[in-house]
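To start, the structure itself, in structure tokens.
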Amino acid sequence: MSAEHAIAALDRLIAAAPPADLDGARQAFEAIVTLRDQLASRRRAGEAVAPALARVNSALAMTWSGAIPVAGFRSGRLERAKALLEGLD
0 MSAEHAIAAL
10 DRLIAAAPPA
20 DLDGARQAFE
30 AIVTLRDQLA
40 SRRRAGEAVA
50 PALARVNSAL
60 AMTWSGAIPV
70 AGFRSGRLER
80 AKALLEGLD
């Protein structure tokens with residue numbers, strides 16, 4: 000899973016009209032979590048990916064912590080999360 004895949008999933012979620020597209024939310028969440036898990040494995044193997052891992056963890060915290068608003072996701076937070084992931088590949 001790449002940052003590009005996670006960004007594309009966030010783009011689809013941003014484009015979805017409220018209320019939240021739960022399938023799109025699940026896809027975006029899974030893409031970012033998979034990217035995070037891959038980076039964590041690479042870090043444990045000794046690769047210098049700590050800055051990228053911190054950015055992905057920040058994106059997860061920014062978008063998925065707390066309850067999902069009934070009216071949909073906060074597009075500003077999704078945009079900021081997307082910006083954190085850009086340039087990671």
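Residues 0 to 88 (numbering that gives the first Met the number 0) are what the sequence shown spells out, left to right.
We treat Cβ as the ideally placed atom computed from N, Cα and C, and that holds for glycine.
None of the values given here were measured: they were computed from a predicted structure.
Original post:
Exposed or buried, what is residue 53 when buried is set at 16 or more other beta-carbons lying within 10 Å of its beta-carbon?
Top reply: Here residue 53 is taken as the residue at index 54 of the sequence shown, counted from 1. By the 10 Å Cβ count, residue 53 comes out exposed.
Subject >> residue 15: first and last residue of the uninterrupted alpha helix (DSSP H) it sits in >> reply: Here residue 15 refers to the residue found at position 16 when the sequence shown is read from its first residue. For residue 15, no alpha helix (DSSP H) segment is defined, and its DSSP state is neither H nor E.
Subject >> alpha helix (DSSP H) segment containing residue 55, residue limits >> reply: As a working note, residue 55 is residue 56 in the sequence shown. Residue range 49-63 is occupied by the alpha helix (DSSP H) that includes residue 55.
Original post:
Residues in its own chain within less than 8 Å of residue 75 by CB, not counting five upstream and five downstream?
Top reply: Position 76 of the sequence shown, counted from the start, is the residue given in the question as residue 75. None.
Subject >> Beta-carbon proximity check, residue 7 vs residue 34, cutoff 7 Å >> reply: Here residue 7 is taken as the residue at index 8 of the sequence shown, counted from 1. Here residue 34 is taken as the residue at index 35 of the sequence shown, counted from 1. No, these two residues do not count as a Cβ contact at 7 Å.
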